[in-house]
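Have a look at the structure below, then the notes.
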Amino acid sequence: MMKREDRTDERRVDLDVKAALEAIRQEDVPERLRKLAIRLQEKLDGER
954 MMKREDRTDE RRVDLDVKAA LEAIRQEDVP ERLRKLAIRL QEKLDGER
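If you want my numbering, it's the 1-based position in the sequence shown plus 953.
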């Protein structure tokens, strides 16, 4: 059984990753990096 703190840390990391991916998508970055961020975001969303 997961401890409450473990779930909180996991959620915090997940939110940090999502925020980073969103920033990459909106900033002026190479198209290849933008596509990678989109694929990673879709994969994260699909795991829920």
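Yeah, the Cβ is synthetic: ideal placement off N, Cα and C, and Gly gets one too.
In the three-state scheme derived from DSSP, where H, G and I count as helix and E and B as strand, Val982 is classed as coil.
Judged by DSSP in its simplified three-state form, Glu1000 adopts coil rather than helix or strand.
Of the candidates Ala973, Leu997, Asp998, Ala973 places its Cα closest to the Cα of Leu986. In this model, Lys988 and Leu968 are separated by some 19 Å (Cα to Cα). By the criterion of a C-beta distance shorter than 6 Å, Lys996 is surrounded by no residue of its chain, once the five residues flanking it on both sides are discounted.
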